[in-house]
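*Asks:*
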Amino acid sequence: MLLRTPVRDRRLPHRAPPRHPVPAAGDAEERRRLLRHHRRPERSTVTANAPGAGERAVVLGAAGQLGREVADELRRRGVDVLAADRRRVDLTDTEASAALAVRFGAAAVYNCAAYTDVDGCESEPEAALEINGRAPARLAVALPDHCRLIHVSTDYVFDGRGRRPYREEDATAPATAYGRSKLGAEQAVADAGGLVVRTSWVFGPEGRNFVSAIAARLGRGEPLRVVSDQVGCPTYAPYLARALVDLRAAGAAGIVHYCNAPATSWHGFAVAIVGALGLHAEVEPIATADLPRPAVRPAYSVLDTARFESLTNRRVEEWNSGLADYFERLGQGKAEA
């Protein structure tokens with residue numbers, strides 16, 4: 004049986020927006036005062052200054068595998084970081100989220116919080132839309148002019164019927180509640196002068212994901228049956244974190260695609276995981292039809308990264324090197340096998 008392929012690195016547990024004051028953001032009246040004071044009638048189209056020593060940034064969803072990496076990457080560059088998980092502030096509480104950034108004096112907010120259980124979104128589409136769509140859209144508008152939102156989106160905004168890598172300007176046609184919810188935030192964030200980075204198949208050492216699930220099955224001696232007719236690009240969370248900060252440094256706005264290379268199938272990815280561990284386990288290829296799921300998986304979701312490479316003047320990394328680093332961080336891999 005194939006392990007669930009959507010990663011959970013940025014999942015924000017769903018619930019109604021909190022009705023109590025958020026500790027770090029002050030009471031409701033103070034939040035409203037701060038937002039009134041800092042809000043401008045019209046968003047400038049000029050991008051904010053690049054990150055560097057002395058700048059401040061807020062990372063939402065900082066307890067997830069991507070959020071942790073983003074906070075670490077920013078600190079390495081001398082940025083003063085407020086790493087906020089949901090206990091600190093709930094993304095769906097727009098006043099609290101925006102006021103947190105204002106109080107901290109942030110020049111950027113990196114939104115790594117999301118509801119990423121693709122099948123769960125099918126059964127809770129309204130919760131998915133609130134967390135993945137409406138909340139980031141509201142936040143992009145609520146932030147003061149000097150503070151930009153960097154928002155992470157997904158390859159699921161496309162229907163997966165393409166035959167070449169998807170470009171930023173290609174028509175979107177999400178086939179799932181998850182994809183529709185993520186698409187719901189994109190235009191609002193871009194219109195507010197923010198940055199939307201679409202990515203795919205994220206894995207990292209700090210969270211639960213396809214790699215950790217395959218490794219766990221191998222550790223238990225369980226057979227591996229993995230879908231071979233879905234093609235995309237794995238993306239290593241530390242590389243994605245670096246890409247987000249690089250794009251901010253480049254003054255990027257609008258929508259940009261970023262993933263690692265080359266394209267592969269889930270089956271091919273699983274075979275690489277086995278190899279990275281120095282094992283010789285068999286990975287049986289199966290068809291998507293053999294593994295029915297509530298949410299449709301895109302058959303092809305490779306993203307074209309030419310715009311990213313042009314903006315940052317560098318190539319995207321290869322996910323195989325990320326896979327090696329993943330196991331090195333965890334003290335596993337060929338050397339220890």
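Just so it is clear: in the sequence shown, position 123 is 126 by the numbering used here, and no numbers are missing.
Glycine is no exception: its CB is placed at the ideal position from the N, C-alpha and C atoms.
#1: Since A130 is in the beta strand (DSSP E), which residue starts that stretch and which ends it?
#2: Whose CA, out of R79, H260, Y118 and V286, lies closest to the CA of L227?
#3: With burial defined as no fewer than 16 other Cβ atoms inside 10 Å of the residue's Cβ, what is the status of H260: buried or exposed?
#4: When you compare only the Cα positions, how much space is there between W204 and A302?
#5: Which residues bound the alpha helix (DSSP H) around V73?
#6: Just tell me which of A264, E312, P265 and V274 has its CA closest to the CA of V229.
#7: Quick one: measure Cβ to Cβ for V192 and A143, integer angstroms, because I've assumed they're closer than 8 Å.
#8: Only counting runs of 3 or more residues, tell me where the beta strand (DSSP E) segments fall wholly within the segment 216 to 276, in order along the chain.
#9: So A240 packs on E72, CB below 8 Å; how close in whole Å?
#10: Give the DSSP-derived three-state secondary structure of A140 in the structure shown.
#11: Measuring CB atoms only, is the segment 305 to 315 touching the segment 156 to 174, in the sense that at least three cross pairs come out at less than 8 Å?
#12: I need the straight-line Cα distance from L294 to S215, nearest angstrom please.
#13: State buried or exposed for D194, treating a residue as buried only when at least 16 other CB atoms are found within 10 Å of its CB.
#14: Please report the residue range of the beta strand (DSSP E) in which R151 lies.
#15: On the three-state DSSP scale, how would you describe V214?
#16: Kindly list the residues whose CB is nearer than 6 Å to the CB of E209, restricted to its own chain and excluding five residues on each side of it in sequence; keep chain order.
#17: Could you give the distance in angstroms between the alpha-carbon of E33 and the alpha-carbon of R151?
#18: Am I right that N114 and G64 are in contact with their C-beta atoms under 8 Å? What's the rounded C-beta distance?
#19: Apply the 10 Å Cβ neighbour rule to H283 and answer buried if 16 or more other Cβ atoms are within range, or exposed otherwise.
#20: Between Y118, L243 and Q335, which has its C-alpha nearest R201's C-alpha?
#21: Classify D83 as helix, strand or coil using the three-state DSSP reduction.
#22: Looking at the structure shown, is E209 part of a helix, part of a strand, or coil, going by DSSP?
#23: Assign S126 to buried or exposed, taking buried as 16 or more other Cβ atoms, counted over all protein chains shown, within 10 Å of its Cβ.
*Replies:* A quick look at the data gives this:
#1: Within the sequence shown, numbered from 1, the residue matching residue 130 stands at position 127. Where A130 is concerned, there is no enclosing beta strand (DSSP E), although the alpha helix (DSSP H) around it starts and stops at P128 to A131.
#2: Sequence index remark: in the sequence shown, residue 227 carries index 224 (1-based). L227 has its Cα closest to that of V286, out of R79, H260, Y118 and V286.
#3: As a position in the sequence shown, residue 260 is number 257, starting the count at 1. By the neighbour-count rule (16 or more Cβ atoms within 10 Å), H260 is buried.
#4: By one-based count along the sequence shown, residue 204 stands at place 201. By one-based count along the sequence shown, residue 302 stands at place 299. Approximately 13 Å between the Cα atoms of the pair.
#5: Numbered from its first residue, the sequence shown carries residue 73 at position 70. Per DSSP, V73 is one residue of the alpha helix (DSSP H) stretching across Q68 to R79.
#6: Position 226 of the sequence shown, counted from the first residue, corresponds to residue 229. Residue V274 is the option with its Cα nearest to V229.
#7: On the sequence shown, residue 192 is found 189 positions in, with the first residue counted as 1. On the sequence shown, residue 143 is found 140 positions in, with the first residue counted as 1. Right, their Cβ atoms sit about 4 Å apart.
#8: The qualifying runs are 227 to 230 and 257 to 260.
#9: Residue numbering aside, residue 240 sits at position 237 when the sequence shown is read from its first letter. Residue numbering aside, residue 72 sits at position 69 when the sequence shown is read from its first letter. A240 to E72, Cβ: 5 Å. Contact.
#10: The sequence position of residue 140 within the sequence shown is 137, counting from 1. Helix at A140.
#11: Contact between the segment 305 to 315 and the segment 156 to 174 is present, with at least three C-beta pairs closer than 8 Å.
#12: For the purposes of this step, residue 294 is taken as the residue at position 291 of the sequence shown. For the purposes of this step, residue 215 is taken as the residue at position 212 of the sequence shown. Taking the straight line from one Cα to the other gives about 20 Å.
#13: For the purposes of this step, residue 194 is taken as the residue at position 191 of the sequence shown. Within 10 angstroms of the beta-carbon of D194 lie fewer than 16 other beta-carbons, which makes it exposed.
#14: As a position in the sequence shown, residue 151 is number 148, starting the count at 1. R151 -> beta strand (DSSP E) spans R151 to T157.
#15: Here residue 214 refers to the residue found at position 211 when the sequence shown is read from its first residue. Reduced to three states, the DSSP call for V214 is helix.
#16: To locate residue 209, count along the sequence shown from 1; it is residue 206. Leaving aside the five residues that flank E209 on each side, the residues in its chain whose CB is nearer than 6 Å to its CB run, in chain order, Q68 and R71.
#17: Along the sequence shown, one-based indexing puts residue 33 at 30. Along the sequence shown, one-based indexing puts residue 151 at 148. Note that E33 scores a pLDDT of 42, beneath 50, so its modelled location is shaky; the value from the coordinates is reported in the next line. In a straight line, the C-alpha of E33 is about 22 Å away from that of R151.
#18: Here residue 114 corresponds to residue number 111 of the sequence shown, with the count starting at 1. Here residue 64 corresponds to residue number 61 of the sequence shown, with the count starting at 1. Correct: roughly 7 Å between the Cβ atoms.
#19: If you number the sequence shown from 1, residue 283 lands on position 280. Exposed.
#20: For the purposes of this step, residue 201 is identified with residue 198 of the sequence shown, where counting begins at 1. Taking only the C-alpha atoms, the option nearest R201 is L243.
#21: By 1-based counting over the sequence shown, the position of residue 83 is 80. Strand at D83.
#22: The residue you call residue 209 lines up with position 206 of the sequence shown. Three-state DSSP puts E209 in coil, outside helix and strand.
#23: The residue labelled residue 126 in the question sits at position 123 within the sequence shown. Of the other Cβ atoms in all chains shown, fewer than 16 fall within 10 Å of the Cβ of S126; this residue is therefore exposed.
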